[in-house]
Amino acid sequence: MATRLVQIHMKAGDDAAVGRFWAQALGWGISSEGPGVTNLEPEGFVYPDPAAVCIDVVRDPKPKTVKNRVHVDLAATSAAHQADLVARLRGLGATPADVGQGDVPWVVLADPEGNEFCVLEPREIYRDTGPIAAVVVDCADPRAMARFWGEAMDWTLHEVTDDHAVLRSAKGVGPYLEFLRTPDVKTVWNRVHLDLRPYPGDDQAAEAARLQTLGATPADVGQGDVPWVVLADPEGNEFCVLTPL
């Protein structure tokens, strides 16, 4: 059994406004599966497909109070493209953000509700990822995260050190999933989290049980009676196991 990363779940006070920002930022299509939910995916995309990790923006009135532990890095093909992309994003409502990055070649911005993201300088590794180069998760122990997530999903582990771990779909397409060592301690539930989906024919409950044998734990974020299972990884990062599709 295995599962796969299919989307990012992002809380927002105004899901429609944040959804519009990200749709314009990425050049993606926008739809809604119901009130308070804005769904984003590439135009012509057939969900789910490892060529993209989609974004669901979900309305939540609780305000953002700390730096997100999950963010996206956007890819640029040249220095000029990076500069143009930053300017365009600023025009859409993004603002500069300081997360202690210091003097770095990438640009840190925040969306209209303060969700941090990076616009990277050109890097060869991200030449074929699409607009999202990587989904990045802060952590204390990248090696432990690589062990858990490498067994949780059928993605391939590309690199692991004391400072970072890098995974990507075994099909070699779409964005990377990266775990970055940071000194920050998790203090509240994550407003941005990962959603996993088992493969067709697999059993959601059995997959959730398997993930718990790997070190995941049940998590309560006030979800109530829902068709997905909420778990947390060994460092407490919440994620959802959706129904197979």
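Quick note on the working numbering: the sequence shown kicks off at 14 and runs consecutively. Quick reminder that beta carbons are idealized off the backbone N, C-alpha and C, glycines included. Treat the numbers as computed from the prediction; the structure is a model and nothing was measured.
When only Cα atoms are considered, T16 and V117 end up about 35 Å apart. Cβ-Cβ distances below 8 Å link T90 to P135, R140 in the same chain, with the five nearest sequence neighbours on each side left out; the list follows chain order.
Counting only runs of 4 or more residues that sit fully inside the region 192-230, the alpha helix (DSSP H) segments are 217-226, in chain order. Under a 10 Å Cβ-count criterion, Y189 is classified as buried, with 16 or more other Cβ atoms of the shown protein chains found around its own Cβ. Looking at the backbone, the Cα of C67 and that of T78 are separated by about 24 Å. For T51, DSSP records a beta bridge to V70. Take the alpha-carbon of A110 and the one of L122: they are about 5 Å apart. For K24, the pairing in a beta bridge is given by DSSP as V71. For R103, DSSP assigns no beta-bridge partner whatsoever. A direct Cα-to-Cα measurement between V150 and H171 gives close to 16 Å.
The alpha carbon of A29 has as its nearest neighbour, out of V83, P125, W202, the alpha carbon of P125. Below 8 Å, too few C-beta pairs join the region 216-228 and the region 177-187 to call them touching: fewer than three. Counting C-beta atoms within 10 angstroms of its own C-beta, D86 has 16 or more neighbours from the protein chains shown and is therefore classed as buried.
Taking the Cα positions, G237 is about 15 Å away from D73. For F161, the enclosing alpha helix (DSSP H) stretches over residues 155-165. Rounded to the nearest angstrom, the Cβ distance from V19 to L227 is 19 Å, too far for a contact under 8 Å. A direct Cα-Cα distance of roughly 23 Å separates G214 from G185.
Contact check between the region 97-110 and the region 21-38: three or more CB pairs, one atom from each, fall below 8 Å, which counts as touching.
Note that the C-beta distance between V70 and M23 is below 8 Å.
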